[in-house]
Amino acid sequence: MLSTMQDVPLTVTRILTHGMTIHGKSQVTTWTGEPEPHRRSFADIGARASQLAHALRDELGVDGDQRVATLMWNNAEHVEAYLAIPSMGAVLHTLNLRLPAEQLVWIVNHADDKVVLANGSLLPLLAPLLPHLPSVEHVVVSGPGDRSLLDGLAPTVHEYEELIAGRPTSYAWPELDERSAAAMCYTSGTTGDPKGVVYSHRSIYLHSMQVNMAESMGLTDKDTTLVVVPQFHVNAWGLPHATFMTGVNMLMPDRFLQPAPLAEMIERERPTHAAAVPTIWQGLLAEVTAKPRDLSSMASVTIGGAACPPSLMEAYDKLGVRLCHAWGMTETSPLGTMSNPPAGLTDEQEWPYRITQGRFPAGVEARLVGPGGEHLPWDGESAGELEVRGAWIAGAYYGGADGEDLRPEDKFSEDGWLKTGDVGVISADGYLTLTDRAKDVIKSGGEWISSVDLENALMAHPDVAEAAVVAVPDEKWGERPLATVVLKEGATADYAALRTFLAQSVAKWQLPERWTIIPAVPKTSVGKFDKKVIRRQYADGELDITQL
Ligand code: AMP
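full-length UniProt numbering applies: residue 1 is where the sequence shown begins, and numbers increase by one.
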């Protein structure tokens, strides 16, 4: 028998209309680099989202599930696009502005984007691509930047503010199928072509509710979140949608992502929460160590996208800022785990939980799979590849306009679970500890060495700013770890001392023999350590190696 309950589609439209009415006074504040930031209420954002939808439909002819791309920083106009485009039935496609040009071209063509909304400051990036983007008919520009860069190029160019001005501030939003596409985001893909994850209205709605739960970020309309994680990186971890559900104010850094303006934003605007990858927090720590700032308004910070070194957590604890570790992927919307410890523990007892990647919420099922395909126990010791499934987890990749969805064997199990490519253990009470990416594990003489363990231990050394450890070929052992170290300003290298320090926390046979100092760890387009670059530099003989 079926239930007797109403079947109301879970859509972004409902998030939009709720946020603009019930939380109309909440604000999106965008940093401008001027003495005063720009402030816009949720009510105004909602009205302007309607105007944008009218402009896209009536003026630019966007229809059905056509794709509208954004090449934008985190700002109020980008939030308007987030809400308007899915609500009118079209598909929001956020473009990662840090990808190499040829990948961006591939992605726009694959998604068949009809319109690109771009920030003026990003036109130097967009303009040279346009001749290679035949599907793009319109470019809509907002914010400062030189428009003449688009002169003579094929698509019609519009000014965002002029385009939406005078249009109706309400829209007869269509009732959409909750399973239809709302937004898409391509993974940067270390091998092969980028892969498109297509989020549904339903997955965004359910994911937003999870983000808002107390066991996750637990924010309310009393909070302000500093959204450093880019809107092109997994929908800024779902924050623009989640905040419209609960009225959380958003502080948007726009293009001012360097440590100094971030520190100033925090001190002046006093956000209570923030979200970003570890490299941002490393940079900010160095900044406030050199020039002290008051960060104490940020009661909690969500840190994820890459492993958070425990030493970084300790350093922020001392500043009165609690980092909360989260794990996720583009394919998981991204919230997969968060490391809020269970109730009733002292600070000391909480620590071992805080340094894990966290526990799974009710909406995410997890299992660990061993090398032979066997399912491993949750005993905190058995290490295997993490597989997940749930209502906001991808079940396939977008196959392109004429293609079928893609379900590559290395990404999806036969029974439809997502193979995350992450290796780790799970404790009996469901806390995940990742030891590596499957492809980053160092296989030495038949034993596995965790590159993350070595990095975390090294980054706890007072002279070390950053450290990345990669596997390099070794005649005797198959693979051995290579330690690449970035020293703090003024520190000098003493490899033997670093090795002795490392020996305090890892087994002797895991200690690297090969060491090198580098000026900075190469980073991916979303600020994670790019280990394939280090492996290539080593293979090409570009690194100055000291052998101990
Ligand atoms: P992306 O889809 O670009 O966000 O990358 C997802 C990948 O980032 C995951 O599969 C993990 O390898 C890594 N990752 C994300 N969060 C964490 C975390 N908290 N600790 C370690 N690795 C992480």
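Here a beta-carbon is modelled for each residue, glycine too, at the ideal position from N, C-alpha and C.
- Query: Quick one, which of D221, C185 and A275 has its alpha-carbon nearest N235's?
  - Reply: C185
- Message: For a test of the three-state rule: what should DSSP assign to L78, helix, strand or coil?
- Response: With the sequence shown as reference, residue 78 is identified as His, and Leu is not the correct amino acid for it. Three-state DSSP puts H78 in a helix.
- Task: Please name the residue, chosen from G238, Q282, G192 and D193, that lies closest to S199 on a Cα-to-Cα basis.
- Result: Note that residue 199 corresponds to Tyr in the displayed sequence, not to Ser. Checking every option, the nearest Cα to that of Y199 belongs to G238.
- Quickly, what does DSSP pair M184 with across the bridge? List them, please. H93 and V198
- Is D177 near the ligand AMP, in the sense that its beta carbon is under 6 Å from a heavy atom of that ligand? no
- Query: Is it true that the CB of T302 sits closer than 7 Å to the CB of A275?
  - Reply: yes
- Item | E269 - DSSP class collapsed to helix/strand/coil | helix
- Message: In this structure, how does DSSP classify T330 when only helix, strand and coil are distinguished?
- Response: helix
- Classification of T289 by the beta-carbon crowding that lies within 10 angstroms, buried from 16 upward: exposed
- Query: Which first and last residues belong to the beta strand (DSSP E) in which K318 is found?
  - Reply: It is not in any beta strand (DSSP E) - K318 instead sits in the alpha helix (DSSP H) that spans P310 to K318.
- Query: At a cut-off of 6 Å, is Q210 close to the ligand AMP when judged by its beta-carbon and the heavy atoms of the ligand?
  - Reply: no
- Message: In this structure, how does DSSP classify H233 when only helix, strand and coil are distinguished?
- Response: coil
- Taking E466 as the reference, which of Q357, G478 and P310 has the closest Cα? P310
- Message: Nearer than 6 Å: is that true of the beta carbon of Q103 relative to any heavy atom of the ligand ATP?
- Response: This structure does not include the ligand ATP; its bound ligands are the ligand AMP.
- Write down every uninterrupted run of the beta strand (DSSP E) in the region 16-73 whose length is 3 residues or greater and which is fully enclosed by it, in chain order. 27-30, 38-41 and 67-71
- Message: Between which two residues does the alpha helix (DSSP H) holding S451 run?
- Response: S451 to M459
- Can you check DSSP and say which residues form a bridge with residue 596? No information on residue 596 is available, as it lies outside the stretch 1 to 548 that the chain covers here.
- Query: On the three-state DSSP scale, how would you describe V211?
  - Reply: helix
- Message: Need the endpoints of the beta strand (DSSP E) that H138 sits in, please.
- Response: H138 to S142
- Message: Relative to the C-alpha of residue 561, which candidate in A286, V452 and K411 has its C-alpha closest?
- Response: It is not possible to answer for residue 561, since the shown part of the chain is limited to 1 through 548.
- Query: Just to check, is the beta-carbon of D422 closer than 6 Å to a non-hydrogen atom of the ligand AMP?
  - Reply: yes
- Message: What I want to know is whether the C-beta of M338 ends up closer than 6 Å to one or more non-hydrogen atoms of the ligand AMP.
- Response: no
- May I have the straight-line CA-CA distance separating V470 from D440, to the nearest angstrom? 7 Å
- When burial is assigned at 16 or more other CB atoms within 10 Å of the CB, is D113 buried or exposed? buried
- Message: Please give me, in chain order, every unbroken run of the alpha helix (DSSP H) with length at least 4 that falls completely inside the region 472-537.
- Response: 495-503
- Return the CA-CA distance between V12 and P519, expressed in angstroms with no decimal places. 44 Å
- Residue burial classification, P174 (beta-carbon count within 10 angstroms, cutoff 16): exposed
- Which same chain residues, not among the five before or five after A81, have their C-beta less than 6 Å away from its C-beta? T70 and L117
- Would you kindly check if the distance between the Cβ of R67 and the Cβ of A111 is under 7 Å? yes
- Query: Between P240 and L376, what straight-line distance do the alpha-carbon atoms span, to the nearest angstrom?
  - Reply: 37 Å
- V423 versus D254, R367 and D544, residue with shortest Cα-Cα distance: R367
- Per-residue burial, W327 [other beta carbons within 10 Å of its own, 16 or more giving buried]: buried
- Message: Distance check for G490 and G395, CA to CA, integer angstroms please.
- Response: 49 Å
- Same chain, Cβ closer than 6 Å to R255, neighbours up to 5 away in sequence not counted: W73 and S121
- Message: Between which two residues does the beta strand (DSSP E) holding L418 run?
- Response: L418 to I426
- Check whether the Cβ atoms of Q27 and S50 lie closer than 7 Å to each other. no
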